[in-house]
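Each residue of the first sequence is one higher than the one before, counting from 36 in the numbering used here.
Ideal Cβ positions, reconstructed from N, Cα and C, are used throughout, including at glycine.
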Amino acid sequence: MIQEALKEIKRGCAELIDNEYVEKLLKAYFDEGKTYTVKAGFDPTAPDLHLGHTVLLQKLATFQKYGARVQFLIGDFTATIGDPTGKSATRKVLTQDEIKKNISSYTSQAFKILDESKTDIVYNNDWLEKLGAAGMLRLASNLTVARMLERDDFSKRFASNTPIAVSEFMYPLLQGYDSVHLQSDIEIGGTDQKFNLLMGRQLQKLYGLKKQQAVLMMPILEGLDGVQKMSKSLGNYIGVTEEANTMFAKVLSISDDLMWRYYELLSTKSLEDIEKLQEGVKDGSLHPKKVKEELALEITERFHSHEAALAAQAEFEKVHAKSQIPTDIEEFECDGEIWIAKALVDCKIEPSTSQARRDIKQGAVKVNQEKISDMQLQLGAGEYILQVGKRKFAKLKVK
RNA sequence: GGUGAGAUAGUCAAGUGGCCAACGACGGCAGACUGUAAAUCUGCUCCCUAUGGGUUCGCAGGUUCGACUCCUGCUCUCACCA
């Protein structure tokens, strides 16, 4: 029983520090029904969660299945500093107002995956603000600069002459202090958080806690490009609030290699089943696109519904396999004759008339499914379906 | 505080008085081929109804017929010294 739970918990994880402690917690749960706490921190910097975040959330949900109370930590204080992780430059600081705005949409998205009744939402501003200058200094005295520079991204930035703000040094310390305050039993985070997560253990010890948190690290989910980590700023993400059609299409656009990665980290299929799929693709009995569709269905269904997922699949087939016009296209209107390039910009499927001209020249623009080449084309009264490339559509009514 | 180096398009990075809307690479977009995959090949990649015009090379001035290139001041970054 314990071993089974442990196996599920460890699935897809990159590293687990203090396996024994986790086992002990699980044993206490199964034997005596004792719960324990699992902390995960989230930065309220962007109001939207994407699949990269859900890797962690799903892991938290697994813990909840086995007796954990989740400490869903909103880093409203630390967000004012900016976590240096993975950034090549100092991050811009958010205002309190911006942060507040992000939080509510944030949590409601998270509860699509987490069990609300087993989750405590906590804000680190509550205790970090009270820490004061003296507390900060005490905290900071625990760490040397040399040790701080051991951190990969700091040393890289230092070596490449990119600025590091002193306040950024405080980030790992504050995150670690969160674990002291919350007395977390386990903390989970991405592999890029290793330094910060371990800081929690170190500080818990220094501040005299009996137990030090176990640390579970999950791999970072690659974005749609398959290279960089999924992030909103890179635009290579699938947001959990995105429409079913978009979600489905985005999953299908990832590469075959990346697909297995997504299977491992996002699917709830058992590892054995995934392996079978992999073999099937290898020996040619399964078409990789079919396998990818299955993944797309599973993910879309998770955030929408079974019906919506199926509808998205049908829509996708319609538009791409049969190259028909999508069902829902944004509609625009205009008065009087309009120049094609201007129309494309007005319908927001081209950023500028310059770009529109280029695309027309290259034969990427279609009007009512017909490729056009006349740069000067004027659209008279009537209804038109405008299309740029394979993905951008708009309907325009000219009065 | 002192000395030196640097800031160029989404990123990296050439350019060191006119040949510069600015080489190249990556990214991105589009076309061909496909499974809206990958790989490959090709074209495009500041804005503007455009064989032309406008605005760009950290910011503000100046020199010059002409400045990304020279001068002055400022802002920011880095290194060394204190």
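- Take M234, set aside five residues on each side of it, and the residues of its chain with a beta-carbon closer than 7 Å to its own are P207, L208, Q210, G211, in chain order.
- The alpha-carbon separation between L414 and L321 amounts to approximately 47 Å.
- In the three-state reduction of the DSSP assignment, T80 falls in the coil class.
- N403 counts as exposed, since fewer than 16 other beta carbons sit within 10 angstroms of its beta carbon.
- DSSP, reduced to helix, strand and coil, places F351 within a helical segment of the structure shown.
- When only Cα atoms are considered, L301 and T154 end up about 21 Å apart.
- Between D227 and I255, the C-beta spacing is below 7 Å.
- Under the DSSP assignment, Y206 falls in the alpha helix (DSSP H) whose first and last residues are 201-217.
- For the pair of segments examined, the segment 42-50 was found not to touch the segment 65-82: the number of CB pairs separated by less than 8 Å stays below three.
- Membership of V105 in the beta strand (DSSP E) is indicated by the continuous run 103-109.
- Per DSSP, the beta bridge partners of H85 are G274.
- Excluding five sequence positions before and after G417, the CB atoms of its chain that fall closer than 7 Å to its own CB belong to V433, given in chain order.
- Note that the C-beta distance between S214 and Q239 is below 7 Å.
- Comparing alpha-carbon positions, the option among N177, Y272, I223 lying closest to F98 turns out to be I223.
- With 16 or more other Cβ atoms from the protein chains shown falling within 10 Å of its own Cβ, E385 counts as buried.
- In the structure shown, the three-state DSSP call for V180 is helix.
- Take V400, set aside five residues on each side of it, and the residues of its chain with a beta-carbon closer than 6 Å to its own are D394, I407, V423, in chain order.
- The C-beta of I375 has 16 or more other C-beta atoms within 10 Å across all chains shown, which makes the residue buried.
- Residues of the same chain with a CB within less than 7 Å of the CB of D83, apart from the 5 flanking positions on each side, are K267, G274, T276 in chain order.
- With 16 or more neighbouring CB atoms inside 10 Å of its own CB, D111 falls in the buried class.
- M265: not part of any beta strand (DSSP E); DSSP gives it neither H nor E.
- With fewer than 16 other beta carbons inside 10 angstroms of its own, M36 counts as exposed.
- Within the segment 376-405, the complete alpha helix (DSSP H) segments of 4 residues or longer fall at 388-396, listed in chain order.
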